[in-house]
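Structure first, then comments.
Protein chains in written order, with the numbering used here: chain F, 1 to 115; chain D, 116 to 229.
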């Protein structure tokens, strides 16, 4: 257990529905990251926050995706009008954000299945 | 384009045997390289981090090497255990730890059989 938690662990939804995932980082960590991972592949960066500010978004983050970190603590990732191609593991990670040896600690992930 | 390639994609070994996983990267500028272990259905966990000046680093039965000239890294696992069955992901940082600065390899899926 790295100290980063995600909820839910699994989500099955029908195409077209909206889903929201939550990530609780390690409490003193300033940075929070979202990744998407498909089977047999490494994680792909989606977005990251420095405290409550969203500093970077990947081109993978289409208009249907939105992430928030309102108080600089937990974060939510919402996917609107889900598509079958959204089926993946969504990983959250957090880090202190200090120096180039800063280490990201990953949560267990939320596995999304879109039917 | 920054890329990290790992080989083999998958590997099956018998318990107690050693194995070596490879990572080749084309990431510039290079900052550091990390190896993560990811158990099935779990998030990745950091095993080791190596900077430009480090050639070898050990963490228990795991030993990572780095050749910055040839842009290659390896992860050697000694006396494998059943619990070593997992995916091992090589991650290279290009001058920072912001999300877009990390390039992930596709991972090597290791299965250790009794």
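For every residue, glycine included, the Cβ atom is placed at its ideal position computed from N, Cα and C.
Since this is a predicted model, take the numbers as computed values, not measurements.
Does the distance from the C-beta atom of residue i to that of residue j stay below 9 Å?
{"i": "residue 41/F", "j": "residue 91/F", "result": "no"}
{"i": "residue 9/F", "j": "residue 76/F", "result": "no"}
{"i": "residue 4/F", "j": "residue 93/F", "result": "yes"}
{"i": "residue 171/D", "j": "residue 203/D", "result": "no"}
{"i": "residue 216/D", "j": "residue 161/D", "result": "no"}
{"i": "residue 2/F", "j": "residue 158/D", "result": "yes"}
Taking the DSSP output, what are the residues bridged to residue i?
{"i": "residue 71/F", "result": "In the DSSP output, where bridge partners are listed per residue, residue 71/F has none listed."}
{"i": "residue 118/D", "result": "141/D"}
{"i": "residue 37/F", "result": "89/F"}
{"i": "residue 174/D", "result": "177/D"}
{"i": "residue 201/D", "result": "225/D"}
{"i": "residue 182/D", "result": "187/D"}
{"i": "residue 147/D", "result": "166/D and 208/D"}
Compare the C-beta of residue i with all C-beta atoms of chain D and state if any pair is closer than 9 Å.
{"i": "residue 77/F", "result": "no"}
{"i": "residue 44/F", "result": "yes"}
{"i": "residue 93/F", "result": "yes"}
{"i": "residue 4/F", "result": "yes"}
{"i": "residue 82/F", "result": "no"}
{"i": "residue 40/F", "result": "yes"}
{"i": "residue 103/F", "result": "yes"}
{"i": "residue 107/F", "result": "yes"}
{"i": "residue 111/F", "result": "yes"}
Along the chain, where does the beta strand (DSSP E) that runs through residue i open and close?
{"i": "residue 155/D", "result": "Looking at the DSSP string, residue 155/D is not in any beta strand (DSSP E), and its letter there is neither H nor E."}
{"i": "residue 7/F", "result": "5-7"}
{"i": "residue 129/D", "result": "125-129"}
{"i": "residue 53/F", "result": "53-57"}
{"i": "residue 188/D", "result": "187-192"}
{"i": "residue 50/F", "result": "44-50"}
{"i": "residue 24/F", "result": "19-24"}
{"i": "residue 10/F", "result": "10-13"}
I believe residue i touches residue j by the beta-carbon criterion, under 8 Å. Please report the beta-carbon distance rounded to the nearest angstrom.
{"i": "residue 257/D", "j": "residue 166/D", "result": "Nothing in the structure corresponds to residue 257/D, since chain D is present only between 116 and 229."}
{"i": "residue 32/F", "j": "residue 69/F", "result": "6 Å"}
{"i": "residue 22/F", "j": "residue 65/F", "result": "Their Cβ separation, rounded to whole angstroms, is 15 Å, which puts residue 22/F and residue 65/F out of contact at 8 Å."}
{"i": "residue 187/D", "j": "residue 138/D", "result": "7 Å"}
Give a yes or no on whether the minimum CB-CB distance between residue i and chain F is below 9 Å.
{"i": "residue 170/D", "result": "no"}
{"i": "residue 124/D", "result": "yes"}
{"i": "residue 117/D", "result": "no"}
{"i": "residue 151/D", "result": "yes"}
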